[in-house]
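Have a look at the structure below before the remarks.
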Amino acid sequence: MANSLKPAAHCLVSILMLSLAVFFSIGAPQALAQTTPDKAIRLVIPYSPGGSVDVVGRGLAKRYSDLTGRTVVVENKPGAGGAIATSDVVRADKDGHTLLLHTGTITVEKAAGKKVPYELTRDLSPVTLVADGPFALAVNNNLPVKNYSELIEHAKANPGKLNYSSAGVGTSTHLAMELFKELAGVDILHVPYKGGAPSLNAVAAGEVHMSFSPLVNVRPLGESGRLHVLATSTQSRTDLWPELPSSLESGLPEYSSSVWYGLFTPVGVPEKAESQLVEDFRHLIHDPETRQWLRTQGLVAIGSTPAEFNKRLNDEITQLQSMMQRTGIKID
């Protein structure tokens, strides 16, 4: 009789141990999702490869994959100032496997009332504000200026004869220069390109006179002598390039502009999947190694909550609407 109970007892112990293992694996705190779903995450980038958004997106994708084991596929969909990529994300399956990495361009669209096939506040859910950082103003080597003061003087002596490139109509690099023009009282023509990398390369090639671009993109070209960098777009120097003067030092003390990078999902993602993405990416951005990597890109890591990011978006839209009314800027 005793021997007949041994198999049953052994089976009971095995079941109990398995149940405990499952209990502790589920109950253990997890900062990042440890499962690897069959379907890869798509991270959609609204600009061409090589620009700052692409660099930040690919860096985040790699680190997210390393920490979670989940596959992330980066897709570049440039054009229409980011509207092509945004439309793609809005139309995507609402299953938590599609993310959009965007910049302040998306608030410019909203502030300007630009006709796009989506509505920011209706069709996209903020996940987290990843980081922000300064621009720098780069000029081609043939332009005889060394700082903001000399550029302003040269532009006033040659009204309408200078031009600048941007990553596209309504992009943050476009608005950065328009704000500069307003404060400096100068007339400089706009030449839009499809992305930050083509825009900056146009300056180095002498196709256009100047461009605001994220500092991390400008520095290698400046240090190699392919173009000249006048100053940052902020009122203090940056740790990434401490030798570069600030706007305060360069002759336009009231000027300040920066670029931000934020993650969105399409509205309609199940709450559990949305919350997991928020938790995962906020944890990732607050990781010391990620923060240091973002710093090497000339950025300050933020990792906001969705509510904080949403407030930033709404505040920025209000500020941009005010600037557009003052300056008469039209973004079609």
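Each residue of the sequence shown is one higher than the one before, counting from 418 in our numbering.
Every residue, glycine too, gets a C-beta built ideally from N, C-alpha and C.
Within 10 angstroms of its Cβ, does residue i collect 16 or more other Cβ (buried), or is it exposed?
| i | result |
| --- | --- |
| Pro495 | buried |
| Asn623 | The residue you asked about is not Asn; residue 623 is Gly in the sequence shown. Per the 10 Å Cβ criterion, exposed. |
| Glu536 | exposed |
| Asn558 | exposed |
| Arg539 | exposed |
| Gln742 | exposed |
| Leu644 | buried |
| Leu680 | buried |
| Gln714 | buried |
| Asp697 | buried |
| Glu595 | buried |
| Ser739 | exposed |
| Ser692 | exposed |
| Ser641 | exposed |
| Thr520 | buried |
| Ala574 | exposed |
| Ser582 | buried |
| Leu592 | buried |
| Leu606 | exposed |
| Thr735 | exposed |
| Gly602 | exposed |
| Gly474 | buried |
Could you round the C-beta distance between residue i and residue j to whole angstroms and report it? I think they count as a contact, below 8 Å.
| i | j | result |
| --- | --- | --- |
| Gly468 | Gly613 | 3 Å |
| Ala478 | Val461 | Going by Cβ atoms, the distance from Ala478 to Val461 rounds to 11 Å, so no, they are not a contact pair. |
| Val489 | Pro723 | Contact doesn't hold; Cβ gap of about 20 Å is too wide. |
| His626 | Leu579 | 5 Å |
| Thr655 | Ser616 | Their Cβ separation, rounded to whole angstroms, is 21 Å, which puts Thr655 and Ser616 out of contact at 8 Å. |
| Ala572 | Ser630 | That belief does not hold up - the Cβ atoms of Ala572 and Ser630 are roughly 19 Å apart, past 8 Å. |
| Val472 | Val556 | No, Val472 and Val556 are not in contact; Cβ-Cβ is about 23 Å, not under 8 Å. |
| Asn678 | Val533 | Inspection of the sequence shows that residue 678 is occupied by Tyr rather than by Asn. So it is not a contact: roughly 20 Å between Cβ atoms. |
| Val635 | Leu657 | That belief does not hold up - the Cβ atoms of Val635 and Leu657 are roughly 10 Å apart, past 8 Å. |
Helix, strand or coil for residue i? Go by DSSP, reduced to three states.
| i | result |
| --- | --- |
| Glu691 | helix |
| Gly499 | helix |
| Ser582 | strand |
| Ser504 | helix |
| His607 | strand |
| Ser721 | coil |
| Asn558 | coil |
| Pro534 | coil |
| Arg459 | strand |
| Glu696 | helix |
| Thr520 | coil |
| Ser675 | strand |
| Thr545 | strand |
| Leu592 | helix |
| Thr744 | helix |
| Glu624 | coil |
| Gly613 | helix |
| Gly577 | coil |
| Asn564 | coil |
| Leu669 | coil |
| His703 | helix |
| Ser650 | coil |
| Ser664 | helix |
| Gly467 | coil |
| Leu657 | coil |
| Ser739 | helix |
Quick one: does the C-beta of residue i sit closer than 7 Å to a heavy atom of the ligand MG?
| i | result |
| --- | --- |
| Asp471 | Absence of the ligand MG is noted for the structure shown, with no ligands found whatsoever. |
Can you give me the Cβ contacts of residue i inside the same chain, cut-off strictly under 7 Å, excluding the 5 residues immediately before and after it?
| i | result |
| --- | --- |
| Leu600 | Leu669, Glu671 and Tyr672 |
| Ala445 | Because Ala445 sits at a pLDDT of 36, beneath the cut-off of 50, its placement in the model cannot be relied upon, and the following sentence gives the value as read from the coordinates. Nothing listed; no residue qualifies. |
| Val695 | Val544, Thr545 and Pro723 |
| Ser663 | Ala648, Thr649, Thr651, Gln652, Ser653 and Arg654 |
| Val586 | Gly498, Pro609 and Ile748 |
| Cys428 | With a pLDDT of 43 at Cys428, under the threshold of 50, the modelled position of that residue is not reliable, and the figure given next carries that caveat. Counting only Cβ-Cβ distances below 7 Å, and skipping sequence neighbours, we find nothing. |
| Ala448 | Confidence is the limiting factor: at Ala448 the pLDDT is only 46, short of 50, which leaves the residue's position unreliable and the question unanswerable from this model. |
| Phe726 | Pro543, Thr545, Leu546 and Gly679 |
Within its chain, find whatever has a CB closer than 6 Å to the CB of residue i; leave out the 5 residues flanking it on each side and keep chain order.
| i | result |
| --- | --- |
| Asn564 | Leu647, Ser667 and Gly668 |
| Thr707 | Arg480 and Leu701 |
| Pro576 | Asp604 |
| Glu507 | Per the sequence shown, residue 507 should be read as Val rather than Glu. Result list for Val507: Tyr535, Asp540 and Pro683, in chain order. |
| Leu568 | Val562 |
| Thr588 | Gly498 and Thr522 |
Please go through the same chain and pick out, in chain order, the residues whose beta-carbon is closer than 8 Å to the beta-carbon of residue i, but skip the five residues on each side of it.
| i | result |
| --- | --- |
| Val717 | Ala548, Asp549, Gly550 and Leu711 |
| His703 | Ala718 and Gly720 |
Hey, is residue i's beta-carbon within less than 8 Å of any beta-carbon in chain B?
| i | result |
| --- | --- |
| Ser674 | No chain B is present in this structure, which holds just one protein chain. |
With contact counted as at least three CB pairs below 8 Å, one residue from each stretch, are the stretch 602-613 and the stretch 546-566 in contact? no
Does the structure place the stretch 495-515 close enough to the stretch 479-486 that three or more beta carbon pairs sit under 8 Å? no
At least 3 beta-carbon pairs within less than 8 Å: the stretch 643-650 vs the stretch 665-679: yes
Specify whether the stretch 682-702 and the stretch 521-530 touch according to this definition: at least 3 beta carbon pairs, one from each stretch, less than 8 Å apart. no
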